[in-house]
Amino acid sequence: MNDKPELINSPLSQQISSGGSTVLVEIYRLEDEKDWVLEVVDEFNNSTVWDETFPTEKAALTEVKKAILEDGIHSLIGPEPGTGS
7 MNDKPELINS
17 PLSQQISSGG
27 STVLVEIYRL
37 EDEKDWVLEV
47 VDEFNNSTVW
57 DETFPTEKAA
67 LTEVKKAILE
77 DGIHSLIGPE
87 PGTGS
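Per the working numbering: the sequence shown = residues 7 to 91.
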């Protein structure tokens, strides 16, 4: 018997490109939870996860798009492996 809740991935998860860079936007929740988690994974496999959760998938997507517009996509991109930055 498997008592672990299943991970539900949003169909709104997607890649977003800007300024020559691309990030993967992951929106997901556990099946027994209502709120959605927002995570962005960059080209170097660095991950940024928002501290707050979102009541809807659309709210999570709106938040990441707002962050990219205000701060630029590079604010979500971490260091390249091996650079020590």
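The beta-carbon is built from N, C-alpha and C at its ideal position, and this holds for glycine as well.
{"Check": "Report buried or exposed for L36, applying the criterion of at least 16 other Cβ atoms within 10 angstroms of its Cβ.", "Outcome": "exposed"}
{"Check": "I83 and S24 - do their beta-carbons sit closer together than 8 Å?", "Outcome": "no"}
{"Check": "Output the residue ranges of the beta strand (DSSP E) runs that lie fully inside the segment 33-59 and measure 3 residues or longer, sorted by chain position.", "Outcome": "43-47 and 53-55"}
{"Check": "With distances taken from CA atoms, which of E63, Q21, K72 and G78 is nearest V47?", "Outcome": "Q21"}
{"Check": "Do you know how far the Cα of E32 is from the Cα of I79?", "Outcome": "15 Å"}
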